[in-house]
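Beneath this line is the structure, given in structure tokens, with notes to follow.
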Amino acid sequence: MTERTVEALDRILSDGNPAACIDFFREASVGDRRKLAPHALERWKEDGRFKNPEERSAFIRCEMLKLLVLATASLGQLKKMSFQQPAPKRDFTSHGVAILRDRQVDWLPTWVDTLLEEGVEHWCFVHALVQSGLCPRPEQKPDYIMQLIRAFDQYGEKGKRIGRLRDRLLDHPEVLEDLIWSFFELEEAGNRLSWHDAYAGPSGLMVEARSGRDGHPEHRWDHTLVALSREGRIPRARLLDASLDAMGHDTLRSSGWYAQFHGLLQPTVAERVERIDRYLRLVDLRQASALEVAYDALDALLKAGKLPVDRVAERVGGLVPARPKSTVKRFLKLLDAGAGQQPAAKRAVARAAADALQHESPEVHDAAIGMIERLGDRGDKELARRLSELLPLVAASQRTRLETWLGLRSTGANTPVSDEFVARAERLERAFSELAGVPEALAAVRGGTPAPGLQRLGDPRIPRLDPDRQVRPIESLDELIDTFLRVLEGTVDLEEADRVLDGVSRFCAEHPPDFGSRTASLRKRASDLLSQKDAFDQMPLPFSGRVAVADFCALALMWIDRADFSVENGPVSLTELVPTDWWQLDFSGYRALGRFHSRRLFEIGKRAREGRSTPLLAMPTHGGCWIDPRACVRRMKRHGPTSHYDFVQALLRLAPDGRSDALKEAAALDGEQGDALRYALGGEVEIGTTAAYWIAAARSRAPYDDDPRVEARHPGLGPNAGLAARFSVRVEHGALRLERTPPMPSRTADDLPTVLMLASHCDGWDAAVWPAAADSFFVLQAKRLPMVMESVGTFWQGDWRTLLDPDAPLGPVSRAMIALGMSLRNPAIARLAQDALIAALDDGRLDGPSLAEMLTTFIAHGKLKPARWLKALTECARVSPLHAQAVRVAVDGVIPALPADSRVLPAALEMLLELCIESGQPAMACRPTLEGPTGSGRTARLAHRLLAVQAGPTAAEAASERTLKNRVERAERWQSRARASAGTVVPGGVAVRQTGTST
Amino acid sequence: MVAMASAAIPYTYQYLFASTLAAGRLRVATSGGTEPHPYFFRGSLLRPRQTADLLLALAAISRARFYMPPNMIARILAAADPVVTSGGGLLRLEAFSMCCGAYARVDLLPDAVRGDFVATGTTNVDFNPKMRLALGRVRDSEEVELAVGSDRLELTRTDERVTEKKVELPLRWIKGFVEVQAYQSRMERRFEISGDHARRFLRSVPRRDGFQENAWVVPSARGVRISQVANRDGVAVGGLSRLRTLEEPARHARSLVAYATPDEQISGWELILDEARFHLVLSPDSARGFSGEGQVLSALADDRWKELLPRVRAQLRWEQKLDARDLGQRLSTDEALIRQALAALGSRGLVGFDLEQRAYFHRELPFDLDLIDDLQPRLKEAREIVSTGGVRTIGPEEAYVRGSDVEHRVRRKDGSFVCTCPWFSRNQGKRGPCKHILAAEIALGTSSD
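Protein chains in written order, with the numbering used here: chain S, 1 to 999; chain H, 1001 to 1449.
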């Protein structure tokens, strides 16, 4: 009887005889194996690492150790170790199989899965186990088949491939007969085969494939399988079917390998006829390679006169809306030729051509209508019904042809002018009607002339206080806590953060007995957020001007816990919460609007810590963070001067509405704050000493104009101080140049937010600081857009809300935002820009010429993609006749700026052609450019067609009506705001009880 | 304690044969439900190509993973098979994506098939790759017979083998499948566009989603367009690319109807075909499944539905439209209470919701759903909080509930409960009540008030 001791095991190990090892463990009990396992594993740890096969003795020892471990270790122990497959020089596989056969364990299927997950090096061993019947073929996971693709590669010296794939396959008939068919069934196999064959050069190096040397046929699966089928070793018919079916699988991600493989098989016409259903299935697929296989087959059948044209037509009809125009045109051409061969199929082909009209391309429409004209039967009622349905979708340049074929008389582009807006226009108050440009729009509608163009906004008479968007102050401690929690989670509107600040300021003295319990969650959340590191492993720094939520957290703690903070040289005194030495950092040189926020919040926090309750002067009264000036005055009259940053903020939020009334009420206000407020409201006072007050007052008084008096008293503080910032946007040497005047000073105080917003990043809550900021708010965002031009996954999107405001003026920077945004690869941001463009055209903030000017400015920018513009402009033109008109004028104006060899020129010309025909207006600005192209190319053909467009029934009336509608609605909106503002008690008198509750 | 996120139920689909489509005969194998292998229908398809496309789209949803958590890539789960319900002269096939964020249903109306409805019930159906491949080759001009299930006698004459597919059905998948019905019952119709416009629109939908790809589909002068700006006439869609799954079935559509929940969280899309309907319901985002939405938690926390449930359930007869008023009259119960009971039945997989008819229909998902309410992690944790004395009631409408190192305050506000925990502050009830609110509701005895 064999004595199975540790010593005996060591002897076997030193002898290096695998057969002895197998004998040693034959009929060994589970207990024996378990007893020896720790020793075998210990030896493995010491000496079991993979050895160079060239070092023979060490290598043999390593092999023996593997056998010992295999004979003794449990499944758990085996899973923990990396069981490297030995090099194929030694026949470990058969010994390993023998060992495991003796063990008769039931966990082999599980272990096999683990081995396959580890890597391709185990495939031969796993395959041997499967072949020996010790474990079933791993069906659940694709690894077994996927690894087979690489497992037959063998490498010799210097990594060179040795042997031929063909020989190895012949050595393994079970693979040839069975496993290779799985290549055509598994989702990922096509990709893996494609990758393998591309790099199947003699050395298998990637550089070979990159240098254009495709894999060597001896090592490629496709060539090898085709060769074996020629020898009759693999059934050819099955390979043809399998390759077509593989492309037809709905789980397939890549059909390239199968398409190439099918091509290598060179199917005969008879074989193609037999497989027509399979080829037609490919027509439904998206993959270009599968479509190519289908087209080649159908084309071959057409040439052989064996194309089942009606069946192809039935199939092709369904595919058209979702395929590239070149594909659709090729298939239409094929059908057209097929109909020539088989006149009986004309009806089916004409119907397929009708379906092609669902495609967006005018070129496809041209081809399809041509086929309908030649092949269509006017008596085919089903065809006529379908064409009538599709008529609105047909390109303008082709519509007349289709109408003629259908026997319809063109209705032109005229649409009846609605009386509704004319009547509403006449009921408007004259002041608002004129302010909104209604008389010009009305005249255009009545005279049938083009819609009036650009409307200038920014007039101080335009009311901004929306009665439907009044901001209600927080009414209770509970509401304050709930809202504060929402602010910390970032789930609030622009005004909510200010409601919280006002709430803290008013309720800070209110400490009911259960205050601790009620605020416990808020306190905990604020503490947690303050101690969380950001993506850069940095603690949030409260009141540093960098992280707004950190400021709010600190404010919560100052209110609830009376915690102590400072901002003198950055925040201090929070060491127990944030045990780092960040407070030693000097942030005084950091310029950003966040500094203003931090100072303002700290100011509120200090007051909350001391329990001094008072409402905030800067609390918005209406949406958009506007403050009704009368409310502001009443607040000051009731509560006296406010704190420094609160006052600056309040001035910047003053709405243009009711300023004269407010100025009268403010007559009694005294002190520098009273003077500054009166100045902001339009009063004439002497400029005081506190620069921040007077600069804020100047920007509030006339946001976009210089204030020489303030500048004289407080000179050289930068753009948007005494002097209004002015921006110019241009492209120089292919790069964006966004310049502002006057220049930025070297340092900026924290209480000059209008200047700070031009210094560092500015979005999100920053929009709440100066609602009239317009271009100033977008300067830094516009500069950032080119940096993310090609990024799909950028986290930063910017803040586009202000651009969608119908009453906000659209300056050069805002236009740059739209132009740059439309060029972005990120679809979400590009759509935001497109939305802003649609809104701006609707509101009259942009029109055709200004859009053309805007696009022409940026066309020279090296990174911009005019093709993306065209996509956005196409979408925009579909919104309404007004948009179509503006886009037509814009494209007309941009085309001369496009380089003659621009790849987008044909697309731009095609778009312009459709818009010109649709609107009945010939191209104007680009006529000289159109006369340039010669020859018969696409550009020349389009240019000639454009030159031939004659003025016809125009869509100008529809565009004018839309303009009238928009302007009437705008005037009505302003009028109702003004009336509401004059007739309602402005919610400005928020009083504070002794406890701090609002009344 | 089992980590709920990864919890799954081993489930075996056992089919007497593999579904096939050969020689113009579509035989769909069944597994589970009212019988081990029910036999529902025998007849033929009247629009074979159209039905094939709808079934392929449904199968695509059942295998779809629109979102792949990074740690899941290595262990992709086998797809769950669709289920079919036979009753009221209709065949309804439902599927739920593996990412738990997309639900699809095909309703084959009476004109889509011709034949005998042998039995009523709900069962799993085998949609294997070979059958799907054959479906792709179906033409309208050919005769295709359809058999859902099979006659036992017929089976004995063949040598087909039983096919088994073992899958791990994640609990969140099962929960999501039932939860989506609660969402549908709250949806309202937003707009309808023609089939031609729908096809153009679907072609414009991006194939891949970028970061924060939530967008709005808004009516435009010519069909619809995609916008990033909220629009009250439009429908908000998270994970826009998921709409691409409608592209193939839309080939045959007459029109496309869009639905949305009032809070703009969930969108529903219905393709109207001549003889069929295709529904697609999408979660708020690709990365968010329906199972975490907690729409039925309050209903489950309430015990009253349990009393009414057996009575309402006894009235179900595989109707395709369950009329709450009629049920109320039959049971002499208030209609509103019947609606609550139906919602609770929906949460247990016993009824589905038809957006077009605005009514529930009877179907019983062929899974063991008895554990559903116990396996709701939020509800389970809430009950644990209550049982361990974690709720300190202050009055009939206020309580302090134990959280992590802090007590959260739950109180009634404007008719519903609010909580001071971060999760509620972030979601504001859009993803159902938090565990603290559930615990307070249980302790205060006010669930589903």
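Glycine included, each C-beta is placed from N, C-alpha and C at the ideal position.
Check, Outcome
"Buried/exposed call for Arg-562/S, threshold 16 Cβ in 10 Å", "exposed"
"Classification of Lys-1166/H by the beta-carbon crowding that lies within 10 angstroms, buried from 16 upward", "exposed"
"CB contact check: Leu-1046/H to chain S, cutoff 8 Å", "no"
"Neighbour flag for Gln-1428/H against chain S, beta carbons, 8 Å", "yes"
"Cβ-based neighbour list, Phe-1191/H, same chain, cut-off 8 Å, excluding 5 preceding and 5 following", "Pro-1219, Val-1224, Asp-1233, Gly-1234, Val-1235, Val-1257, Ala-1258"
"Min CB distance Arg-486/S to chain H below 8 Å", "yes"
"Any chain H beta carbon closer than 8 Å to Glu-1013/S", "Lying before the first or after the last residue shown, residue 1013/S is absent from chain S, which here runs from 1 to 999."
"Where Ile-1193/H sits in the DSSP three-state scheme", "strand"
"Collapsed DSSP secondary structure at Gln-77/S in the structure displayed", "helix"
"Proximal residues of chain H, C-beta to C-beta of Glu-489/S below 7 Å", "Pro-1422, Ser-1425, Arg-1426"
"Contacts of Ile-991/H in chain S (Cβ-Cβ under 7 Å)", "Since the first and last residues shown for chain H are 1001 and 1449, residue 991/H lies out of range."
"Residues near Phe-1424/H by beta carbon distance below 6 Å, same chain, minus five either side", "Cys-1434"
"Glu-495/S vs Gly-594/S beta-carbon contact at 8 Å", "no"
"Coil, strand or helix - Glu-739/S by DSSP", "strand"
"Other residues of its chain near Leu-41/S: CB distance less than 7 Å, five sequence neighbours each side excluded", "Val-69, Ala-73, Gln-77"
"Chain S contact residues for Gly-1136/H, given Cβ-Cβ distances below 8 Å", "Gly-248, Asp-250, Arg-281, Asp-284"
"Contact list for Ala-1221/H against chain S, beta-carbon separation under 7 Å", "Arg-878, Val-879, Ser-880"
"Counterpart residues of Ile-627/S in DSSP-defined beta bridges", "Leu-654/S"
"Integer-rounded CB distance, given that Lys-1430/H should sit under 8 Å from Gln-1265/H", "6 Å"
"Helix, strand or coil at Thr-1030/H [DSSP, three-state]", "strand"
"Cβ neighbours of Leu-1327/H in the same chain (closer than 7 Å, five flanking residues each side left out)", "Val-1312, Gln-1315, Ile-1338"
"Rounded separation between Arg-486/S and Arg-518/S - CA only", "15 Å"
"Reduced DSSP category for Asn-191/S - H, G, I as helix; E, B as strand; rest coil", "helix"
"Rounded C-alpha distance that separates Val-349/S from Gly-340/S", "10 Å"
"Ile-481/S: contacting residues in chain H (beta-carbon distance under 9 Å)", "Arg-1409, Thr-1420"
"Neighbouring residues, chain S, relative to Pro-1451/H (Cβ below 7 Å)", "This structure cannot settle anything about residue 1451/H, because the visible part of chain H is limited to 1001 through 1449."
"Residue burial classification, Ser-981/S (beta-carbon count within 10 angstroms, cutoff 16)", "buried"
"Chain H within 8 Å of Arg-973/S, Cβ atoms only", "no"
"Interface flag, Tyr-1400/H vs chain S, CB-CB below 8 Å", "yes"
"Val-1218/H (DSSP reduced to helix, strand or coil)", "strand"
"Cβ-based neighbour list, Ile-809/S, same chain, cut-off 6 Å, excluding 5 preceding and 5 following", "Checking the sequence, you will find Pro at residue 809/S rather than Ile. Result list for Pro-809/S: Leu-457, Gly-458, Ala-774, in chain order."
"For Gln-1376/H, the three-state DSSP class (helix, strand or coil)", "coil"
"Host alpha helix (DSSP H) of Cys-1419/H (start-end)", "Element bounds for Cys-1419/H: not the alpha helix (DSSP H) but the beta strand (DSSP E), 1416–1419."
"Best match in Arg-868/S, Ala-655/S, Glu-672/S, Arg-737/S for proximity to Arg-701/S [C-alpha to C-alpha]", "Ala-655/S"
"Interface residues of chain H facing Lys-524/S [CB-CB closer than 7 Å]", "Asp-1405, Val-1406"
"Helix, strand or coil at Ile-895/S [DSSP, three-state]", "helix"
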